[in-house]
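Chains as they are written, first to last, in UniProt numbering: chain C, 1 to 303; chain H, 1 to 303; chain B, 1 to 303; chain P, 1 to 303.
Ideal Cβ placement from N, Cα and C applies to all residues, glycine included.
From a predicted model like this one, the values you see are computed outputs, not experimental measurements.
Beneath this line is the structure, given in structure tokens, with notes to follow.
Here it is in structure tokens:
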């Protein structure tokens, strides 16, 4: 199990203020993950990746490493220099026996789209070939690694029209492609008779809109945790040094979505309901959409 | 372009005597490769791998790294300790834009089989999907990376009967599977209209027999270089310190095949003819077989 | 804070049976360290090292990596092949801001001596120059990194007569050098007015004898944990698959010392008393010696 | 032997236009170094580092790696995003048996000063202790690795007044400290009776001024090569795609100093005379100063 974080704002934030300085940053989460479902491997030390955009309609940049995030001195240094208004970050714990490899580090890029995943697709091996065969050639050949997460991205790309050459997508289009991706995965998993549960917390952006999900192939259990928060600024308190989401006015200038709250003010963080899709529009409006398929329920789920 | 070396003998050699101490070892070849066809990237600094067997009918062991071989201190230390009578070694230069990754380092293993490749399959992208679709499930799912070399191994495995659970193969069986692999690749490349030339210097072993090829999809040009030598011992001269193939008697106790001669005694090294398959039997007999397909010629080839 | 393990026996053990297969191996300890004093960084993911000897009176071999032990596929593979009757293993968590570096990975070697350390020398910076200036030239120049641990080894070497060219030391000699090393460190720390506490769990071997300490520069607190166990064999139970120390007869054929018990049978593990030195002789006798200096006490210490 | 490059201009350049895209960039130099003195290890594949400043009077940022520069995908990606008007870049070949380590990668930083070195200090081991003992405590303790290059930087820092807390230095002050550093090294090397030749191509900057040297401890031989070029812009020709130094007017807006010319227009590159110091002022004026010590000569030197 892994962890991710995404940040979108009106004005750039120094990556250090998001990734390395906060006491409960995603880097620290790689030490001490209290909310994890999978207890077998209690930390995320198998590499990490960050992605960010510096200007609209340009491709993002990605920095990945198979070294643990917390001891990566290049990450520490770059985070003190790079500013961005749209950031993806991911820390990784390998779940199998594969070598830790940079080609298996999130996030992935294709054109100006960026993708990351927290969770896993149960029984993925049984639908892998079918998934690959469904892909258009340019998407199929873009695969660099072997993970379920990257293959889910490929399937998502396949739902879009010419993702290689476009620099912009409407958020409605991204949302539809995300829903179709999940639906398609579910159909194949069903047809293959897979009974393992899948956790599909996906996040995608084109540098302007963001779409992400908290999703589980179950009507009984909660999905992997996902929280969001918004406000006017994410910064440290000058007195305590603690980071928090400042809500200086009614405008929302910052939205953060993360596997775990980044600050100790739990009231600032809302849990995304399980099997929900969240959209952040280019203008920073946040919309939540229930994903009403056979795993939808109004009943209380088990944690 | 890469480089490889394989060694088989009656008694174990210290890896250092093969890999790190000789002045013209495969590690030094990674500095100074005079015989290379592809001049664009004049060294092999993108990782390496070694594989070796310690006892018959056991799986081999593999050590790979994305650091250059010449500065890998773990390799230096292990080579001073490990002895083996059957060794594969490979140094790698990436040919594309992909990240250097341990899952793309030769050699690969499957059961007790080990495989490496020097060269490249031209236009591989155009047959990749077809190749994958031809694979049995357990072979398909064993793919860890994205290289043509590993996919060629998968195709080879697909030619064998139950490679996952057997610990021994006859050399005739390995030879037939190798020839069928090359023939199948050629057929698909033809059908896909690929015109780029492929260099298929492959090597495979089950820990007892070795089969390797020097092969090019051309009747005009020489393949990537491949040399072999045999004798009673490969060791350094006590006076000069130079390594050489000692021929103390008529018995052949050691066979070495390498992309370039490992010693300065060129007369000790025979060039394998282009489009030939070489077999080393468990008893260290060496057989050469011409590969008589449409790329076979008796004419002189261009270098 | 780090963790270490040392193993000495009459017959070689497969490294996998010691390092990677046991459920509570040192690799697993790098996930879940319940007995650690320093809670700030709850795992040991900043690299590891193993050292082993294959024959008496030869130098040992070392394999180190800055990747976490649990995801290092080379470690997994090598551990399935290498056997040794004398093994050191260390997992590391950096305590400062320094880059994780292979030259800062334990164990270190000098001639046929091997050294590792669990703990830290408080205020080391204030005695570093003095320590370096006390070293003989060949020891001073052998320093590869910047850690207190490696410098403590250098000081230890300086207490020995010609460690560079000898292949054997009596255990009494190693023990005396260890005690003099600790005494010298203490004297310098005192003279520099250092008040921070030091944890000096050191281990050293020449391939035949082993000397290790559980030591703290305090008469009030317990040192970093250290346990030992002995028996006739360390192996997995054929029924449960659990590893344990088998005590088939009264002979002691195996001695293990480790920062935490390797098995769930706590009764098999004795805690080394704080400020004690343990010797394992070449014939596998175990002796404990109290270190009677100003930090010695018969009172109960605080955990 | 290594290679370095430094770039200073009035307006920021995209790092890719300097480091990764030019056909004869420092990255390509790591493949094919025709002008090297030391032929034993014909490439620079043992790591690299880049350093850059984004605003005056701030600390620079450093990105280093022990992977070869040419296969480092993070470098490729970052270079497409980061712009700077003051860049240091270094590719490295280890000269000894030490592990390749990030703490031994150039450039180094101290406060807002940055340093790199091409060459080596012959017989450094014989003056290392004396050099360390001459250092003020904060400089001594800042040493992270073991190289002669980093120690030369420490000595340079020791010549400055409070380098830790200042954000600006006059170029005269940097120049004097550089000359004193070289003179001090020479004095110690002489007193130690060292006869090996030293190559001291040093470069230092505070983010505004740059001082670098081409220097050898010999009156007979040329030092390691160093070239410089200036003009109004360093960019690719829109027609040929070749990079070159454009000289659109008489103003000098760009100065580049590099171990080898970065372009094929040799007339654009001036060789720095051996035993010369070059200063680039904050306003981009370039001054050359002969280093008139006992190794100065008006005679022709041997290459």
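query                                                                                                                           : result
8 Å CB neighbourhood of residue 158 of chain P in its chain, flanking five on each side removed                                 : 134, 135, 136, 139
Short CB-CB distance (under 7 Å) between residue 74 of chain C and chain P                                                      : yes
Proximal residues of chain P, C-beta to C-beta of residue 63 of chain C below 8 Å                                               : 74, 77, 78
Unbroken beta strand (DSSP E) run spanning residue 188 of chain P, endpoints                                                    : Element bounds for residue 188 of chain P: not the beta strand (DSSP E) but the alpha helix (DSSP H), 171 to 191.
For residue 302 of chain H, three-class secondary structure by DSSP                                                             : strand
Beta-carbon neighbours of residue 54 of chain H, restricted to chain B and to distances below 9 Å                               : 81
Counted within 10 angstroms of its Cβ, other Cβ atoms place residue 303 of chain C as buried (16 or more) or exposed            : exposed
Residue 15 of chain C: contacting residues in chain B (beta-carbon distance under 8 Å)                                          : Result: empty, since nearest Cβ-Cβ is about 17 Å, beyond 8 Å.
Partners in chain P for residue 199 of chain B, counting only beta-carbon separations shorter than 9 Å                          : Ordered by position in chain P, no residue passes the 9 Å Cβ test against residue 199 of chain B, which lies about 21 Å from the chain.
Counted within 10 angstroms of its Cβ, other Cβ atoms place residue 171 of chain H as buried (16 or more) or exposed            : buried
CB-CB length for residue 236 of chain P against residue 269 of chain P, believed under 8 Å                                      : Not a contact, Cβ separation roughly 17 Å.
Contact set for residue 281 of chain C: own chain, Cβ-Cβ below 8 Å, skip 5 residues either direction                            : 171, 209, 287
Helix, strand or coil at residue 132 of chain H according to DSSP, with G and I counted as helix                                : helix
Per-residue contacts from residue 118 of chain P into chain B (C-beta, under 8 Å)                                               : Result: empty, since nearest Cβ-Cβ is about 22 Å, beyond 8 Å.
Any 3 or more C-beta pairs closer than 8 Å across the segment 53 to 63 of chain H and the segment 71 to 85 of chain B           : yes
Neighbour-count burial assignment, residue 150 of chain P, 16 or more Cβ in a 10 Å radius                                       : buried
Residue range of the unbroken beta strand (DSSP E) whose run includes residue 248 of chain H                                    : Note, residue 248 of chain H: premise wrong, no beta strand (DSSP E); not H, not E.
Limits of the beta strand (DSSP E) - the one that residue 287 of chain P falls within                                           : 286 to 290
The segment 189 to 206 of chain C touching the segment 221 to 228 of chain C, judged by at least three CB pairs closer than 8 Å : yes
Whether residue 51 of chain C touches residue 4 of chain C by CB criterion (7 Å)                                                : no
is_contact[residue 125 of chain H, chain C] using C-beta, thresh 7 Å                                                            : yes
For residue 236 of chain B: DSSP bridge partner residues                                                                        : B/243
Beta strand (DSSP E) segments (min. 3 residues) lying fully within the segment 208 to 232 of chain C                            : 210 to 214, 227 to 231
Same chain only: Cβ atoms within 6 Å of residue 188 of chain B, ignoring 5 sequence neighbours per side                         : 127, 130
7 Å Cβ cutoff met for residue 330 of chain C and residue 214 of chain C                                                         : Look at the range of chain C in this structure, 1 to 303, and you will see that residue 330 of chain C is not part of it.
Short Cβ contact (7 Å threshold) for residue 206 of chain P with residue 169 of chain P                                         : yes
Rounded separation between residue 145 of chain H and residue 71 of chain C - CA only                                           : 27 Å
Residues that residue 63 of chain P bridges to, as DSSP identifies them                                                         : P/50
Beta-bridge partners of residue 7 of chain C, as assigned by DSSP                                                               : C/87, C/256
Pair within 7 Å by beta-carbon distance, residue 24 of chain B and residue 49 of chain B                                        : no
Residue 109 of chain P: first and last residue of the uninterrupted beta strand (DSSP E) it sits in                             : 108 to 110
Which of helix, strand or coil DSSP assigns to residue 194 of chain C                                                           : coil
Length of the line joining the Cα atoms of residue 7 of chain P and residue 111 of chain P                                      : 20 Å
Cβ-based contacts, 8 Å cut-off: residues of the segment 142 to 175 of chain P near chain H                                      : none
Residue burial classification, residue 260 of chain B (beta-carbon count within 10 angstroms, cutoff 16)                        : buried
Residue 115 of chain B - DSSP class collapsed to helix/strand/coil                                                              : strand
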